[in-house]
Amino acid sequence: MITGITIDAGASLAPAFMLTLNSQDITSNFSDRLISLTMTDNRGFEADQLDIELDDTDGKVELPLRGAVLTLWLGWQGSALLNKGDFTVDEIEHRGAPDTLTIRARSADFRGTLNSRREESWHDTTLGELVSTIAKRNKLTASVADSLKKIPVPHIDQSQESDAVFLTRLADRNGATVSVKAGKLLFLKAGSAMTASGKPVPQMTLTRSDGDRHQFAIADRGAYTGVTAKWLHTKDPKPQKQKVTLKRKPKEKHLRALEHPKA
Numbered sequence: 001m002i003t004g005i006t007i008d009a010g011a012s013l014a015p016a017f018m019l020t021l022n023s024q025d026i027t028s029n030f031s032d033r034l035i036s037l038t039m040t041d042n043r044g045f046e047a048d049q050l051d052i053e054l055d056d057t058d059g060k061v062e063l064p065l066r067g068a069v070l071t072l073w074l075g076w077q078g079s080a081l082l083n084k085g086d087f088t089v090d091e092i093e094h095r096g097a098p099d100t101l102t103i104r105a106r107s108a109d110f111r112g113t114l115n116s117r118r119e120e121s122w123h124d125t126t127l128g129e130l131v132s133t134i135a136k137r138n139k140l141t142a143s144v145a146d147s148l149k150k151i152p153v154p155h156i157d158q159s160q161e162s163d164a165v166f167l168t169r170l171a172d173r174n175g176a177t178v179s180v181k182a183g184k185l186l187f188l189k190a191g192s193a194m195t196a197s198g199k200p201v202p203q204m205t206l207t208r209s210d211g212d213r214h215q216f217a218i219a220d221r222g223a224y225t226g227v228t229a230k231w232l233h234t235k236d237p238k239p240q241k242q243k244v245t246l247k248r249k250p251k252e253k254h255l256r257a258l259e260h261p262k263a
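The sequence shown begins at 1 in UniProt numbering and counts up one residue at a time.
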């Protein structure tokens with residue numbers, strides 16, 4: 001629940017969804033049997049995933065065809081629903097008892113030519129032009145952050161790389177993040193908190209009273225104490241090496257344990 005949503009007195013906030021198959025609304029076919037509907041919005045070129053779990057205790061649910069394309073809208077009852085894109089059914093799971101049917105679909109944007117390997121060389125171009133060319137040949141619309149569009153690319157080779165892998169390499173090199181959402185190839189500055197249109201992402205405040213469950217975890221085993229960089233200077237054949245050690249705050253020897261009033 002988000003505090004930025006206005007709710008009338010006495011009203012309740014409930015999720016709502018709509019599913020279409022070939023532009024035909026099939027929401028009513030699912031509503032009475034729906035156990036759960038989960039959409040996972042993944043980063044990068046990992047396909048978004050849609051999981052629909054249905055009650056099949058009477059054994060009357062018809063198995064959907066693999067390859068069928070579902071379009072999902074999500075939101076709240078009483079407000080406009082947001083289009084979350086197209087998903088292609090590629091996995092069906094039936095289990096029991098009690099009998100349930102799970103339909104698993106993944107975003108259709110990743111089933112095209114993005115994963116085909118290519119051989120190409122790029123000369124005297126910019127990052128924006130390069131991304132736009134790749135988007136066009138994959139039948140996508142490019143959306144590149146203004147701060148990245150004019151970055152010069154004197155020369156780069158795409159050698160036996162798919163467009164997805166090549167774009168990921170470009171993004172890593174330029175401090176960007178790349179993904180495909182709803183037919184758009186997004187190439188944005190990482191951590192900039194900006195939308196694809198260049199507007200700031202609106203802030204939302206969540207309070208403890210907004211939900212009934214939370215989880216927080218922190219682990220020290222993956223922490224690093226420093227970094228070592230090596231390079232070769234063209235005028236000096238002797239390898240160069242620089243090591244930087246991070247100073248960590250010492251652990252407190254005596255800590256007081258306080259019990260949360262709602263624990």
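Positions of the beta carbon are idealized from the N, C-alpha and C atoms, including for glycine.
Since the model is a prediction, treat every value here as computed from it, not as a measurement.
Original post:
If Val153 and Leu127 are in contact, beta carbons under 8 Å, what's the gap, nearest whole angstrom?
Top reply: One-based indexing of the sequence shown puts residue 153 at position 153. One-based indexing of the sequence shown puts residue 127 at position 127. That belief holds up - the Cβ atoms of Val153 and Leu127 are roughly 6 Å apart, short of 8 Å.
Subject >> Lys189: first and last residue of the uninterrupted beta strand (DSSP E) it sits in >> reply: Position 189 of the sequence shown, counted from the start, is the residue given in the question as residue 189. Counting along the chain, the beta strand (DSSP E) containing Lys189 begins and ends at 184-189.
Original post:
Are Arg66 and Asp48 closer than 7 Å when you measure CB to CB?
Top reply: Translated into the one-based positions of the sequence shown, residue 66 becomes position 66. Translated into the one-based positions of the sequence shown, residue 48 becomes position 48. Not in contact: Arg66 and Asp48 (Cβ atoms no closer than 7 Å).
Original post:
Thinking C-beta only, is Thr27 closer than 7 Å to Thr71?
Top reply: If you number the sequence shown from 1, residue 71 lands on position 71. If you number the sequence shown from 1, residue 27 lands on position 27. Going by C-beta atoms, Thr71 is not nearer than 7 Å to Thr27.
Original post:
CB Asp56 to CB Asp99, shorter than 7 Å?
Top reply: The count along the sequence shown starts at 1 and reaches residue 56 at position 56. The count along the sequence shown starts at 1 and reaches residue 99 at position 99. Yes, the Cβ-Cβ distance between Asp56 and Asp99 is below 7 Å.
Subject >> Spatially closest choice to Ser79 from Thr228, Phe17, His94, by CA coordinates >> reply: In the sequence shown, the residue the question calls residue 79 occupies position 79. Nearest to Ser79 by C-alpha distance, out of Thr228, Phe17, His94, is Phe17.
Original post:
Is it buried or exposed for Asp236, if we count other Cβ within 10 angstroms and need 16 for buried?
Top reply: The residue labelled residue 236 in the question sits at position 236 within the sequence shown. Under the 10 Å beta carbon count, Asp236 is surrounded by fewer than 16 other beta carbons and is classified as exposed.
**OP:** Would you tell me roughly how many angstroms separate the C-alpha atoms of Ser162 and Phe187, rounded to the nearest one?
**Re:** Translated into positions along the sequence shown, residue 162 becomes position 162. Translated into positions along the sequence shown, residue 187 becomes position 187. Here the C-alpha atom of Ser162 lies approximately 16 Å from the C-alpha atom of Phe187.
**OP:** Could you tell me whether the Cβ atoms of Leu185 and Leu140 are closer together than 7 Å?
**Re:** Indexing the sequence shown from 1 puts residue 185 at position 185. Indexing the sequence shown from 1 puts residue 140 at position 140. Result yes, Cβ atoms of Leu185 and Leu140 sit closer than 7 Å.
**OP:** Tell me, please, which residues DSSP counts as bridged to Ile92.
**Re:** By one-based count along the sequence shown, residue 92 stands at place 92. In the DSSP assignment, Ile92 forms a beta bridge with Ile103.
Original post:
Curious, which full-length beta strand (DSSP E) runs of at least 3 residues does the segment 200-234 contain?
Top reply: With a minimum length of 3 residues, the continuous beta strand (DSSP E) runs that stay inside the segment 200-234 are 226-233.
Original post:
Alpha carbon to alpha carbon, what distance is there between Gln77 and Ala14?
Top reply: Residue mapping note: residue 14 aligns to position 14 of the sequence shown, counting from 1. Residue mapping note: residue 77 aligns to position 77 of the sequence shown, counting from 1. Distance between the alpha carbons of Ala14 and Gln77: 6 Å.
Original post:
Under a three-way DSSP split, which group does Lys139 fall into?
Top reply: Along the sequence shown, one-based indexing puts residue 139 at 139. Reduced to three states, the DSSP call for Lys139 is coil.
Original post:
Which residues does DSSP pair with Ser179 in a beta bridge?
Top reply: One-based indexing of the sequence shown puts residue 179 at position 179. Note: Ser179 sits in a beta bridge opposite Leu186.
Original post:
By Cβ distance below 7 Å, which residues in the same chain neighbour Asp41 in space, the five residues on each side in sequence not counted?
Top reply: If you number the sequence shown from 1, residue 41 lands on position 41. Closer than 7 Å at the Cβ level, and outside the excluded window around Asp41, lie Asp48.
Original post:
Does the distance from the C-beta atom of Phe87 to that of Leu37 stay below 7 Å?
Top reply: Translated into positions along the sequence shown, residue 87 becomes position 87. Translated into positions along the sequence shown, residue 37 becomes position 37. For Phe87 and Leu37, no; Cβs fall outside 7 Å.
Original post:
In the DSSP assignment, what are the bridge partners of Asn83?
Top reply: On the sequence shown, residue 83 is found 83 positions in, with the first residue counted as 1. Looking at the DSSP output, Asn83 bridges to Trp73.
Original post:
Of the residues Thr234, Val244, Arg213, which one's Cα is nearest the Cα of Tyr224?
Top reply: Residue numbering aside, residue 224 sits at position 224 when the sequence shown is read from its first letter. For the residues Thr234, Val244, Arg213, the minimum Cα distance to Tyr224 belongs to Val244.
Subject >> Distance CB(Ile92)-CB(Leu54) smaller than 7 Å >> reply: Here residue 92 refers to the residue found at position 92 when the sequence shown is read from its first residue. Here residue 54 refers to the residue found at position 54 when the sequence shown is read from its first residue. In this structure, Leu54 does not lie closer than 7 Å to Ile92 by Cβ.
Original post:
So is Leu206 buried or exposed if we call it buried at 16+ other beta carbons inside 10 Å?
Top reply: Taking the sequence shown and counting its residues from 1, one reaches residue 206 at position 206. Using a 10 angstroms sphere on the CB of Leu206, the tally of other CB atoms stays under 16, which defines it as exposed.
**OP:** Tell me, to the nearest whole angstrom, how far the beta carbon of Ile52 is from that of Ile103; I am working on the premise that it is less than 8 Å.
**Re:** By one-based count along the sequence shown, residue 52 stands at place 52. By one-based count along the sequence shown, residue 103 stands at place 103. The C-beta separation of Ile52 from Ile103 comes to about 4 Å, placing the pair in contact by the 8 Å criterion.
Original post:
Going by the beta-carbon positions, is the gap between Ser132 and Ala142 smaller than 7 Å?
Top reply: By 1-based counting over the sequence shown, the position of residue 132 is 132. By 1-based counting over the sequence shown, the position of residue 142 is 142. Yes, the pair counts as a contact, with Cβ atoms nearer than the cut-off.
**OP:** Please classify His195: does DSSP put it in a helix, a strand, or coil?
**Re:** Indexing the sequence shown from 1 puts residue 195 at position 195. The sequence shown places Thr at residue 195, not His. Here Thr195 carries a coil assignment [DSSP, helix/strand/coil].
Original post:
Of all the alpha helix (DSSP H) runs that stay within the bounds of the segment 8-40, which reach a length of 4 or more residues?
Top reply: Correct list: 27-31.
**OP:** Specify the secondary structure class of Val153 as computed by DSSP and reduced to three states.
**Re:** Along the sequence shown, one-based indexing puts residue 153 at 153. Of the three classes helix, strand and coil, the one that applies to Val153 here is strand, per DSSP.
Original post:
Going by alpha carbons, who is nearest to Ser159 out of Gly85, Val227, Ser116, Trp231?
Top reply: The count along the sequence shown starts at 1 and reaches residue 159 at position 159. Answer by Cα proximity: Ser116.
Subject >> Residues near Ala182 by beta carbon distance below 7 Å, same chain, minus five either side >> reply: Counting from 1 along the sequence shown, the entry for residue 182 is found at position 182. Result list for Ala182: Asn83, Gly85, in chain order.
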